[in-house]
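Engineer: The structure's right below; bear with me while I get my questions together.
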Ligand SMILES: Cc1ncc(C[n+]2csc(CCOP(=O)(O)OP(=O)(O)O)c2C)c(N)n1
Ligand SMILES: Cc1ncc(C[n+]2csc(CCOP(=O)(O)OP(=O)(O)O)c2C)c(N)n1
Ligand SMILES: [Mg+2]
Ligand SMILES: [Mg+2]
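Chains as they are written, first to last, in UniProt numbering: chain A, 1 to 324; chain B, 1 to 324; chain C, 1 to 315; chain D, 1 to 315.
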């Protein structure tokens, strides 16, 4: 069936709710309203108010409620609306991430936190703070880039026994349909995919950056530069093996980020490469990220802010041509 | 005058309060009680309840109150007690960091947030989340390592027109006295110092890690390995020039972190080195950090968790000897 | 309330201006959060503040607050469109964030709630300066479920800060009816924090004003904070492009009939303060002004990519 | 309350056990947060819960809660010392965090407040399962200033969750007197959230128990949450090594004279439920038990550095 990213996410949740009575969804305006950007469209009509629970504007307690229910064996999926509200639930995530380990394995917190984020047609709430959770042990971060991937990853996230931050990029959300197979998750959270093969330079990306990297790779292809695109899919824990293998193949690596570089999640990838694939490196480890400013409002500034195909291609090109 | 780290911090605040009537301090139990670990000892007696303001347990609003007062031209110094409570004030920090830029320069937020953190004699509240703020534009992070540095840095922080996170390591807090000169800040926030010179390997550190790195460097010295220790002092924005210059001198670099490595602030340093000093590197960029678990409780586990002199020396030694 | 024609006319002007903004900006921006039906609250709350007073307005009505505090209409319109003439230089949006140079503390992030704490800080600063100025913290019924809201009220009560808290209760938060967001009456919370609290008819500008006058006077005299719950109704959708399939049309129609502007017009005519013609003329003038400002803003310069200027991030 | 000697004796046992913990653990750990003077609250609140009930206890008294819910004394003592026998394997501390396998939701971070939300989630799960179990959320007067506290009460009220909120108001938070942390009476907040709220004498175990019985029954029957403020006094310091130069010695002495244990003993003797000798014997037995458990824990195995086991972080 052909679906948008948004429809694929909802379909995955629907299928998990169907499969497991312990799965329920919660959030502000997710009932009759269907969720911001239709993020829960149809679920209320299908499952009713008992499993599609509208919430007051109390983010910390919403997250806390999800954690408490998860501890009792439920599988809550919380739509936090926007990624910037992560700032309001950090303590709950810290606690949730620690519970399994601290309790000697007695506690499990199967809890999915959905957030919409990213610069896109919605023109607001673009902030991307997922990188903060890289410092929180016990938490997973998923960032799918296609409708099928969104479907598969959401099903894997709901089945995961750990707290999972699930990133839904607003520029991918309603950006066209693609074929989606409604299947049991083919992969758990973790593995990256080689979205494109290429021998000259590795580009590590996720979500919208994967899409843009693939477009940039086409441009480069025409110039005779073969870019390999690694789509992380899971940002924490990220697939070290796949990334290092690719760097060993190409010797050159460009990391893309939508968050400013100083605190970006890709910095762990960069540092790990500089540490573990040093021998294989033929060029500096390159990063492309927005400048260190708060997300700007004017469309012109937004465009200048985010890595786009042109700048990605330019950075990859420079890297491919780099000589000491 | 000889002072502990804790006394030096208080002395710096006292001197700034003396110099500027707009400086005031606030926090839980900082009045008659003197602050946890004596973090504000003597200030209440000296300046009274109007400038040493006890607060209820409302971290977000405490931080918000500081931001609001700073916007009006005051210079609040908020003792948040412990670094882990950063999780409760992230939104206020995001907002504060954005205000100057977003307002086109009209707003200034001269606000110092003090936090105690780190594994030490206090045996609790050790969590170190400062790395989250690396992703928040407009915020500075200071992490002094000696009493004199604590004094100088606090005075610079109070005079800074930006929100500053000021880290006070509990293992340094009451760990002996050193001579402290009560002087106007010799440096603004920003510059790193070369705490020890050495030609073979660079060790980048801050706070307790600087102290341990210096001890490890003595051990290595006896073995004929010269380690150069760069004490960052300011973690954001960190001193790129000083770090890259040192890496150019030694060709080898070890980065120390008390936060787990996946989301650590040093990752930006690592990535920048791999990007901008690639030519100079003679060995992989090495990191030493705790394993990715929540801070453990048992003393034995705490010791195993944190990089110590022995492990720092071992990592630096391996790096100095590394050949392709 | 002591009858003061300047105040009465000033409030009408602010109501009419608010309606003009809705009409002009709302026609161009699907994300505009309209104030239809709630104009009496905005007019009564933001009218007549001192220059030194600080306002952390509710996002819905934030432009009215800025204009009431003296912000420039043209630059506010430029800020809705991300133009360089804006106070924010196009970096941020003026519909939810007014200029600090006019004592407005806006939303610098997208999270509702924290500005209540900023208002407390401004109030503390006013106390320290002994300037008799106050802070206003305005928020919606939805926002009142945030912990920030409680912490700030409790804080203000403990420290006897000169803050007037106003809940602009339009009975809904996006699609969530107020009773699904608040377990009890919002104004009743004041008692738990030890401050005066009152509910007023938010569609009666005079009632809201009377409550404000009392609360502001108390705050200026060192009597501490007050909570005013102004009960009104969001006649428009959450934003312009809201499909609004979650609400009963009859309910909306009933409230549209209780239009606060029409009600206030009738009062002003009856009392002989202004006549219909004068008000119509004022309405038309304000629409023309807003329209002209908006059109000029549309023609204004846009930031260029070189304007990201990270060097401006630190003061 | 209907007189039930099992309950009366059970509560005495829990009070005595709590005092024994204070004596034994407090003698060894300068960071121990004692419960002297507040034993009646802990005993009345945590006694007699069902196995399926979930408890998010106040950190001060958390071991009493765990033991009341069936946790093993030896393993709890091992948890105070970071030994491998502990439920937490030495990774975390049992004085503030009981075992989830006994329905205890502890402090997994150092921040007070969030557990109130976890209790709401447990309560929602109980509703979904239709098991009639409830959740208990206990917190201090200081903690009641946190936004979490308000959000959780409001949430529970809106959703009619079976949560009993208990404020263990010992009139101080570290050095901050309750009136400096709370603008109004804490139990009054219930009204603003639309739930029943009551203040009881926290030094009278029977009064606290009566309030609990009513609240628990209401919760089990689907009647939603209740807020109980149990007013007591922290006779001890914030923790054992607290210098306590911020409090009036006379005030402490006055409250020490209102010792809830002595008061309850007098009641039990008068009513002929237990005699002094029986209670003394029980006291001695419990001290001996705790002492033995603590000594055994001291001799227990310590984790070795190889036990950091990052592979255990993910389930
Ligand atoms: C902390 C937070 N949660 C959620 C949102 C998303 N949001 C934007 S407006 C809104 C409704 C606000 O309701 P209310 O406070 O009643 O204001 P109204 O829109 O009715 O004027 C919500 C939930 C937000 N901006 N901030
Ligand atoms: C969010 C948060 N802020 C501050 C602290 C530090 N702290 C630990 S105990 C305590 C006092 C708590 O007071 P109360 O809730 O009344 O409990 P009591 O100690 O009186 O039992 C404080 C402030 C904390 N643990 N969490
Ligand atoms: Mg509303
Ligand atoms: Mg207390």
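Think of the CB as a built atom: it goes at the ideal place given N, C-alpha and C, for glycine as much as any other residue.
Since the structure is predicted, the reported quantities are computational estimates derived from the model, not experimental observations.
Determine, using beta carbons only, whether residue 253(A) and residue 227(A) come nearer to each other than 8 Å.
Structural biologist: On the first chain, residue 253(A) is found 253 positions in, with the first residue counted as 1. On the first chain, residue 227(A) is found 227 positions in, with the first residue counted as 1. Contact: no.
Engineer: Let me see if you follow: with CB-CB separation under 8 Å, is residue 232(D) close to chain B or not?
Structural biologist: For the purposes of this step, residue 232(D) is identified with residue 232 of the fourth chain, where counting begins at 1. Chain B contact via Cβ: absent.
Engineer: CA-CA distance, residue 55(B) and residue 79(B)?
Structural biologist: Looking up residue 55(B) in the second chain gives position 55. Looking up residue 79(B) in the second chain gives position 79. For residue 55(B) and residue 79(B), the distance between alpha carbons rounds to 10 Å.
Engineer: Quick check on residue 178(C) - is its C-beta less than 8 Å from some C-beta in chain D?
Structural biologist: The sequence position of residue 178(C) within the third chain is 178, counting from 1. For residue 178(C), the answer is no, since every Cβ of chain D falls outside 8 Å of its Cβ.
Engineer: Restricting to runs no shorter than 4 residues, where is the alpha helix (DSSP H) found entirely within the stretch 35-61 of chain C?
Structural biologist: 39-46
Engineer: Against residue 173(C), what residues of chain A qualify as contacts under a CB-to-CB distance less than 7 Å, listed in chain order?
Structural biologist: Residue 173(C) sits at position 173 when you count from the first residue of the third chain. Simply 57.
Engineer: Looking at chain B, which residues of the stretch 141-173 of chain D have a Cβ within less than 7 Å of any of its Cβ atoms?
Structural biologist: 142, 143, 145, 146, 147 and 173
Engineer: Consult DSSP for residue 235(B) and reduce its assignment to one of helix, strand or coil.
Structural biologist: Here residue 235(B) refers to the residue found at position 235 when the second chain is read from its first residue. If DSSP states are grouped into helix, strand and coil, residue 235(B) belongs with the strands.
Engineer: Spell out whether any CB of chain B is found under 8 Å from the CB atom of residue 108(C).
Structural biologist: The residue given as residue 108(C) occupies position 108 in the third chain. Chain B, which has a Cβ nearer than 8 Å to the Cβ of residue 108(C), makes this yes.
Engineer: At a CB distance below 9 Å, what residues from the stretch 182-194 of chain C approach chain D? Give them in sequence order.
Structural biologist: 182, 183, 184, 185, 186, 187, 188, 189, 190, 191, 192, 193 and 194
Engineer: With which residues is residue 168(C) paired in a DSSP beta bridge?
Structural biologist: Taking the first residue of the third chain as position 1, residue 168(C) is located at position 168. Its beta-bridge partners are 140(C) and 230(C).
Engineer: Can you tell me where the alpha helix (DSSP H) with residue 168(A) in it begins and where it stops?
Structural biologist: For the purposes of this step, residue 168(A) is taken as the residue at position 168 of the first chain. First-last for residue 168(A): 164-169, but that is the beta strand (DSSP E), not the alpha helix (DSSP H).
Engineer: Determine whether the beta carbon atoms of residue 225(D) and residue 161(D) lie at a separation below 8 Å.
Structural biologist: Residue mapping note: residue 225(D) aligns to position 225 of the fourth chain, counting from 1. Residue mapping note: residue 161(D) aligns to position 161 of the fourth chain, counting from 1. Taking 8 Å as the Cβ cut-off, residue 225(D) and residue 161(D) qualify as a contacting pair.
Engineer: Determine which residues of the stretch 95-126 of chain A have a Cβ less than 7 Å from any Cβ of chain D, and write them out in chain order.
Structural biologist: Only 95, 98, 99, 100, 101, 102, 103, 104, 105, 106, 107 and 108 from the stretch 95-126 of chain A bring a Cβ to less than 7 Å from some Cβ of chain D.
Engineer: Can you tell me the Cα-Cα spacing of residue 32(D) and residue 240(D), whole angstroms?
Structural biologist: Residue 32(D) sits at position 32 when you count from the first residue of the fourth chain. Residue 240(D) sits at position 240 when you count from the first residue of the fourth chain. Looking at the two C-alpha atoms, the distance is approximately 6 Å.
Engineer: Pick helix, strand or coil for residue 313(C), following the three-state DSSP scheme.
Structural biologist: Against the third chain, residue 313(C) aligns to sequence position 313. Correct three-state label for residue 313(C): coil.
Engineer: Taking all protein chains shown into account, do 16 or more other C-beta atoms lie within 10 angstroms of the C-beta of residue 2(B), making it buried, or fewer, making it exposed?
Structural biologist: Within the second chain, the letter at position 2 stands for residue 2(B). So residue 2(B) counts as exposed.
Engineer: Counting only Cβ pairs nearer than 8 Å, list the residues of chain D close to residue 305(B).
Structural biologist: Indexing the second chain from 1 puts residue 305(B) at position 305. Simply 308.
Engineer: Could you tell me if the beta carbon of residue 170(C) falls within a distance shorter than 7 Å of some heavy atom in ligand 1?
Structural biologist: Position 170 of the third chain, counted from the start, is the residue given in the question as residue 170(C). Indeed, a heavy atom of ligand 1 lies less than 7 Å from the Cβ.
Engineer: Give me whichever residues DSSP pairs with residue 204(A) in a beta bridge.
Structural biologist: To locate residue 204(A), count along the first chain from 1; it is residue 204. DSSP lists 230(A) and 255(A) as partners of residue 204(A).
Engineer: Compare the C-beta of residue 66(B) against all C-beta atoms of chain C and say whether one is closer than 8 Å.
Structural biologist: Mapped onto the second chain, residue 66(B) falls at position 66. Judged by the 8 Å Cβ criterion, residue 66(B) is in contact with chain C.
Engineer: Hey, would you say the C-beta of residue 189(C) is under 7 Å away from at least one heavy atom of ligand 3?
Structural biologist: Along the third chain, read from residue 1 onward, the residue named residue 189(C) stands at position 189. Not under cutoff, so the answer is no.
Engineer: Using 7 Å as the cut-off, classify the Cβ of residue 143(D) as near or not near the heavy atoms of ligand 2, replying yes or no.
Structural biologist: Counting from one through the fourth chain, the residue named residue 143(D) turns up at place 143. Result yes, Cβ under 7 Å from ligand 2.
Engineer: Closest Cβ-Cβ distance between residue 296(A) and chain C: below 8 Å?
Structural biologist: Your numbering for residue 296(A) matches position 296 in the first chain. Cβ-Cβ to chain C under 8 Å: yes for residue 296(A).
Engineer: Using CA atoms only, rank isn't needed, just tell me which of 21(C), 4(C), 5(C) and 7(C) is closest to residue 290(C).
Structural biologist: Residue 290(C) sits at position 290 when you count from the first residue of the third chain. Of 21(C), 4(C), 5(C) and 7(C), the residue nearest in Cα terms is 21(C).
Engineer: Suppose only complete runs of 4+ residues qualify. What are the alpha helix (DSSP H) ranges in the stretch 126-178 of chain A, listed by chain order?
Structural biologist: 147-159 and 170-173
Engineer: Taking 8 Å as the CB-CB cut-off, is residue 326(A) touching chain D?
Structural biologist: Residue coverage of chain A in this structure runs from 1 to 324, which leaves residue 326(A) outside it and unanswerable.
Engineer: Taking Cβ-Cβ distances shorter than 7 Å, what residues in chain D pair up with residue 299(B)?
Structural biologist: The sequence position of residue 299(B) within the second chain is 299, counting from 1. In chain order: 82.
Engineer: Enumerate in chain order the residues of its own chain whose CB-to-CB distance from residue 112(C) is below 6 Å, with the five nearest sequence positions on each side excluded.
Structural biologist: Taking the first residue of the third chain as position 1, residue 112(C) is located at position 112. Counting only Cβ-Cβ distances below 6 Å, and skipping sequence neighbours, we find 143.
Engineer: Residue 203(D) and residue 263(D) - do their beta-carbons sit closer together than 8 Å?
Structural biologist: The residue given as residue 263(D) occupies position 263 in the fourth chain. The residue given as residue 203(D) occupies position 203 in the fourth chain. Yes, they are a contact pair.
Engineer: List, in chain order, every chain G residue whose beta-carbon is nearer than 7 Å to that of residue 111(C).
Structural biologist: In the structure shown, chain G cannot be found, because the protein chains are A, B, C and D.
Engineer: Nearest CA to the CA of residue 85(A): which residue from 120(A), 27(A), 204(A) and 41(A)?
Structural biologist: Position 85 of the first chain holds residue 85(A). The shortest Cα separation from residue 85(A) among 120(A), 27(A), 204(A) and 41(A) belongs to 27(A).
Engineer: Would you be able to state if there are at least three C-beta pairs under 8 Å between the stretch 71-86 of chain D and the stretch 45-52 of chain D?
Structural biologist: No contact exists between the stretch 45-52 of chain D and the stretch 71-86 of chain D.
Engineer: Would you verify that the beta carbon of residue 92(B) is, or is not, closer than 8 Å to some beta carbon of chain D?
Structural biologist: For the purposes of this step, residue 92(B) is taken as residue 92 along the second chain, with counting starting at 1. It does not: the Cβ of residue 92(B) has no partner Cβ on chain D nearer than 8 Å.
Engineer: Shorter than 8 Å from the beta carbon of residue 56(D) to some beta carbon of chain B?
Structural biologist: Here the question's residue 56(D) lines up with position 56 in the fourth chain. By this cut-off, residue 56(D) is not an interface position.
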